[in-house]
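> Can you keep this structure in mind? I'll have questions shortly.
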Amino acid sequence: MTALLSVNNLTRRFGRRAAVDAVSFEIAPGEILGVVGPGGSGKSILFDCILGRLAPSAGEVRLDGRPVTGMRARDMSRLGVARTFQRAQLFPQLTVRDNLIAAGQERRGSLWSRLVGPPDAGLADTAAEMIAFFRLDGLAVQTAGNLSEGQQKLLDIAMAFMARPRLVVLDEPATDLDETVREPLRERLRAINAQAGTTFVIIERNLDFMASLVTHLLVLAEGRVVALGDVQSVLASGMLASDDG
Amino acid sequence: MNPATLRYAAAGIGALVLIALPLGLPDYSHYVLSLWALTTIAAIGLNLTFGYVGQISLGQAAFVGIGAYVTALLTTRGWPLLAAYVLAFAACFALGSGLGYPALRARRPLLPFITLAFGTFVFLVFRNEDWLTGGIYGINRVPRPSLFGLSTAAPLGFYYFCLFNLVVVTAAVWWLRRSPWGRAFAALRANPLRAEAVGIDTRLYTLIAIALGAALGGVAGVLYAALLQYVDPTPFSLTMSVSLLLMVVMGGSGRSLGPFLGAAAAVVLPEGLRFAQNYYLLGYALAVILLMAFWPAGLMGLFDRLLTMVMKLSAASAKAPP
Ligand SMILES: Nc1ncnc2c1ncn2[C@@H]1O[C@H](COP(=O)(O)OP(=O)(O)OP(=O)(O)O)[C@@H](O)[C@H]1O
Ligand SMILES: [Mg+2]
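Taken in order, these protein sequences are the chains called A and B. Under the working numbering, the first sequence is numbered contiguously, ending at residue 245. Under the working numbering, the second sequence is numbered contiguously, ending at residue 567.
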């Protein structure tokens, strides 16, 4: 079985320092990979290099076996890869519903149909589902910039699912969230994984959130992989004890 | 009444006012109102470029000029005005994309410089290529169109023709704005990083807005040639480009009604304040500076503030015990 995503010796240097240093891993469809490591260990930079926001200095990224190294973010999105951001990245002046529709519309129809077709690009129902699913009820016509920090984070996550992606890359989804929403969020991610077979890569420093969700773990320290494997073996190896960032 | 109904009602009342306004006024005012309507169209175009996707164009006058010269050249040779519309729109759309494309590939904001150079170049072509443009003498006897057998030769008739154009353009831009394209414009303006991450081709959409903005400049030019019935190079200079940009900013950039107000302040108000003569320009300059300093959101921003104040007052008085 070919890996959905495979990363080979990926390196990103800033000056002489390598923020990400020869990282390799693979993830098969339906798996959930957790990426952990102390602050500054290169987790976000690794994501940015995989997702086309930053150009890697060396190494290779493949999706379905095809090289996508350095591909632009929007082309990755067309291939069914979506992401969330460590600090919520929204369209603050738009409503919650418009944020969601904007996150899905480019994968619907042609450029022309997006001009002459329905204003909601046929996504009003999907947006409503996401609003309910991610506990943003009653906020559809709120301006996104006016939401609380936690609500913004949830909206940022919801946006990633609008285009029915195959692979979702989440950067610290639970970190800014209230205790009371963490558990429901985990349940929802688990449900999406189970029902749609969506593959996840998740950075998270909250190990409790992570431990019962992921199938595999990758431990980073100073940009290097120090442990990689299924959850049990990595936990058993004891590599995590000192890395609780 | 919900806000949407209120907005439709306001638009309807606005249209009725614009229809009734010239009745009983002298011919000259019909000319001024026609000028306002076509200037508004040029400003609506620039509002797409500047207000919606945040690109500065200093060449809108060149597109108005191209629209005007295309019209003069075609209609004096017996072509119908419709042909002028099509050619002006297509030429300006193509030129707009041609200027925008290299500008958007650069890391620094290049469009102001490219459009500035283009505007100067086009102005020189109008002035120096006598064989085509008639040089400084321009082109005379541009005919006015007839619509459904109705002549627009009289000033009032032509004003209604301009108003009809304005209504069509406004409706088209209204549609554009609420379509996914409009959402993409707003999204790439608000957060280009997120826009790219959700698959929005920010460069393509920006280019579309620039090209459509230029094309609307061309449409305004068609009306300009038919209004004055002659064209010469003088009006299509940097001055016009800058004053169009000021209208957009003054009206409230990115706001649908902004260009209407901005064009009114620049075209209609000076006519009403003729007695003030040169002091008007001084006052206008001062007003622009003050507005920018205190209400960068323009006249529409000012209007919003007044509206919220009135709503608060009326809410307070409704709450007060009798
Ligand atoms: N633009 C940059 N120039 C130079 N160094 C950078 C730049 N961006 C990030 N770094 C460095 O790269 C390293 C990895 O950063 P990164 O954001 O990936 O850490 P992280 O593992 O996501 O940490 P956190 O858990 O705090 O989010 C850090 O040491 C950071 O200082
Ligand atoms: Mg990080």
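Don't be surprised by glycine CBs; every beta carbon is placed ideally from N, CA and C.
Please classify Arg439 (chain B) as buried or exposed, where buried requires at least 16 neighbouring CB atoms within 10 angstroms.
Your numbering for residue 439 (chain B) matches position 194 in the second sequence. Its Cβ being crowded by 16 or more others within 10 Å, Arg439 (chain B) is buried.
> Can you tell me where the alpha helix (DSSP H) holding Ile32 (chain A) begins and where it ends?
As a working mapping, residue 32 (chain A) is identified with position 32 in the first sequence. Looking at the DSSP string, Ile32 (chain A) is not in any alpha helix (DSSP H); the run it does join, the beta strand (DSSP E), is 32-36.
> State yes or no: is the beta carbon of Pro311 (chain A) nearer than 8 Å to at least one beta carbon in chain B?
Nothing in the structure corresponds to residue 311 (chain A), since chain A is present only between 1 and 245.
> Which value, in whole angstroms, describes the spacing of the CA atoms of Leu526 (chain B) and Gly507 (chain B)?
Residue 526 (chain B) sits at position 281 when you count from the first residue of the second sequence. Residue 507 (chain B) sits at position 262 when you count from the first residue of the second sequence. Between Leu526 (chain B) and Gly507 (chain B), the C-alpha separation is close to 15 Å.
> For a quick check, are the C-beta atoms of Ser6 (chain A) and Glu26 (chain A) less than 8 Å apart?
Walking along the first sequence from the start, residue 6 (chain A) turns up at place 6. Walking along the first sequence from the start, residue 26 (chain A) turns up at place 26. In this structure, Glu26 (chain A) lies closer than 8 Å to Ser6 (chain A) by Cβ.
> Which of helix, strand or coil does DSSP assign to Leu261 (chain B)?
Reading the second sequence from its first residue, position 16 is the one you call residue 261 (chain B). Correct three-state label for Leu261 (chain B): helix.
> Does Arg83 (chain A) have its Cβ less than 8 Å from a Cβ in chain B?
For this step, residue 83 (chain A) is matched to residue 83 along the first sequence. So, interface residue.
> Since Ser288 (chain A) meets chain B, which of its residues come closer than 7 Å, beta carbon to beta carbon?
The structure shown has nothing for residue 288 (chain A), since chain A only spans 1 to 245.
> Among the candidates A:Arg53, A:Gly40, A:Ala18, whose CA atom is the shortest distance from the CA of Ala82 (chain A)?
Along the first sequence, read from residue 1 onward, the residue named residue 82 (chain A) stands at position 82. Ala82 (chain A) has its Cα closest to that of A:Arg53, out of A:Arg53, A:Gly40, A:Ala18.
> Here's a check: name, in chain order, each residue in its chain whose Cβ is nearer than 6 Å to the Cβ of Ala55 (chain A), leaving out the five neighbours to either side.
Looking up residue 55 (chain A) in the first sequence gives position 55. Within the same chain, Ala55 (chain A) has close Cβ partners Gly70.
> Between which residues of its own chain and Leu263 (chain B) is the CB-CB distance below 7 Å, once the five residues before and five after are set aside?
Position 18 of the second sequence, counting from 1, holds the residue named residue 263 (chain B). Excluding sequence neighbours, Leu263 (chain B) sits near Leu408.
> Give the DSSP-derived three-state secondary structure of Asn193 (chain A) in the structure shown.
Taking the first residue of the first sequence as position 1, residue 193 (chain A) is located at position 193. Residue state, collapsed to three classes: helix.
> Under DSSP, the alpha helix (DSSP H) around Asn410 (chain B) begins and ends at which residues?
The sequence position of residue 410 (chain B) within the second sequence is 165, counting from 1. Note, Asn410 (chain B): alpha helix (DSSP H), 400-423.
> What I want to know is whether the C-beta of Phe14 (chain A) ends up closer than 7 Å to one or more non-hydrogen atoms of ligand 1.
Counted from its first residue, the first sequence places residue 14 (chain A) at position 14. Yes - ligand 1 has a heavy atom lying nearer than 7 Å to the Cβ of Phe14 (chain A).
> Helix or strand or just coil, what does DSSP make of Ala3 (chain A)?
Within the first sequence, numbered from 1, the residue matching residue 3 (chain A) stands at position 3. Ala3 (chain A): coil per DSSP, three-state reduction.
> Should Gln318 (chain A) be counted as a contact of ligand 2 given a C-beta to heavy atom distance under 7 Å?
Look at the range of chain A in this structure, 1 to 245, and you will see that residue 318 (chain A) is not part of it.
> Against Gln89 (chain A), what residues of chain B qualify as contacts under a CB-to-CB distance less than 9 Å, listed in chain order?
In the first sequence, counting from the first residue as 1, residue 89 (chain A) sits at position 89. Ordered by position in chain B, the residues that pass the 9 Å Cβ test against Gln89 (chain A) are Asn436, Leu438, Arg439, Ala442.
> Compare the C-beta of Asp125 (chain A) with all C-beta atoms of chain B and state if any pair is closer than 8 Å.
Your numbering for residue 125 (chain A) matches position 125 in the first sequence. For Asp125 (chain A), the answer is no, since every Cβ of chain B falls outside 8 Å of its Cβ.
> Using only CA atoms, which one of A:Leu10, A:Leu100, A:Leu33 lies nearest to Asp230 (chain A)?
Counting from 1 along the first sequence, the entry for residue 230 (chain A) is found at position 230. The residue with the shortest Cα to Cα distance from Asp230 (chain A) is A:Leu33.
> Going by DSSP in three states, Asn572 (chain B) sits in which element: helix, strand or coil?
Because chain B here runs from 246 to 567, residue 572 (chain B) falls outside it and cannot be looked at.
> Could you tell me the alpha carbon to alpha carbon distance between Phe134 (chain A) and Leu189 (chain A), rounded to whole angstroms?
Here residue 134 (chain A) refers to the residue found at position 134 when the first sequence is read from its first residue. Here residue 189 (chain A) refers to the residue found at position 189 when the first sequence is read from its first residue. So the alpha carbons of these two residues sit roughly 10 Å apart.
> Output needed for Met492 (chain B): all residues of its chain with C-beta closer than 6 Å, excluding positions within five of it in sequence on either side, in chain order.
As a first step, residue 492 (chain B) is located in the second sequence; it is residue number 247 there, counting from the start. Cβ neighbours of Met492 (chain B) beyond the five flanking positions: Ala288, Gly507, Ala508, Ala511.
> From this set, A:Leu177, A:Gln152, A:Met130, which residue's C-alpha is nearest Arg164 (chain A)'s C-alpha?
As a position in the first sequence, residue 164 (chain A) is number 164, starting the count at 1. Of the listed residues, the one whose Cα sits closest to Arg164 (chain A) is A:Met130.
> Given the structure, does Lys43 (chain A) come close to ligand 1, in the sense that its CB is under 7 Å from one of the ligand's heavy atoms?
The count along the first sequence starts at 1 and reaches residue 43 (chain A) at position 43. Flag set: Cβ of Lys43 (chain A) near ligand 1.
> Would you be able to state if there are at least three C-beta pairs under 8 Å between the region 176-196 of chain A and the region 113-128 of chain A?
Contact between the region 113-128 of chain A and the region 176-196 of chain A is absent, because fewer than three Cβ pairs lie under 8 Å.
> So if DSSP puts Gly229 (chain A) in a beta bridge, which residue, or which two residues, is it bridged to?
Counted from its first residue, the first sequence places residue 229 (chain A) at position 229. DSSP lists A:Leu217 as partners of Gly229 (chain A).
> Taking only runs that begin and end inside the region 287-333 of chain B, name each unbroken beta strand (DSSP E) of 3 or more residues, in chain order.
List check, beta strand (DSSP E) in window: nothing returned.
> Counting along the chain, where does the alpha helix (DSSP H) carrying Ala160 (chain A) start and finish?
Counted from its first residue, the first sequence places residue 160 (chain A) at position 160. 149-160 is the extent of the alpha helix (DSSP H) around Ala160 (chain A).
> Comparing the CB of Asp171 (chain A) with every heavy atom of ligand 2, is any distance shorter than 7 Å?
Residue mapping note: residue 171 (chain A) aligns to position 171 of the first sequence, counting from 1. Asp171 (chain A): yes, Cβ under 7 Å from ligand 2.
> Determine the direct distance from the alpha carbon of Val487 (chain B) to that of Tyr529 (chain B), and round the result to whole angstroms.
In the second sequence, the residue the question calls residue 529 (chain B) occupies position 284. In the second sequence, the residue the question calls residue 487 (chain B) occupies position 242. Their Cα atoms are separated by approximately 14 Å.
> Under 8 Å, Cβ to Cβ, is there at least one residue of chain B near Val7 (chain A)?
For the purposes of this step, residue 7 (chain A) is identified with residue 7 of the first sequence, where counting begins at 1. Not an interface residue.
> Since Arg114 (chain A) is in the alpha helix (DSSP H), which residue starts that stretch and which ends it?
Taking the first sequence and counting its residues from 1, the one referred to as residue 114 (chain A) is at position 114. Its alpha helix (DSSP H) spans residues 113-116.
> Compare the C-beta of Ser424 (chain B) against all C-beta atoms of chain E and say whether one is closer than 8 Å.
In summary, chain E is missing from the structure at hand, where the protein chains are A and B.
> Pop quiz: Val476 (chain B) and Ala335 (chain B) are said to be a contact at Cβ under 8 Å. What is the actual Cβ separation, rounded to whole angstroms?
On the second sequence, residue 476 (chain B) is found 231 positions in, with the first residue counted as 1. On the second sequence, residue 335 (chain B) is found 90 positions in, with the first residue counted as 1. The pair is not a contact, with the Cβ atoms about 19 Å apart (cut-off 8 Å).
> Is there a C-beta anywhere in chain A that falls below 8 Å from the one on Asp446 (chain B)?
Translated into positions along the second sequence, residue 446 (chain B) becomes position 201. Yes, Asp446 (chain B) lies at the interface with chain A (some Cβ there is under 8 Å from its Cβ).
> Taking the CB atoms as reference points, tell me whether Met485 (chain B) and Val277 (chain B) lie closer together than 8 Å.
Counting from 1 along the second sequence, the entry for residue 485 (chain B) is found at position 240. Counting from 1 along the second sequence, the entry for residue 277 (chain B) is found at position 32. No; because the gap between Cβ atoms is not below 8 Å, this pair is not in contact.
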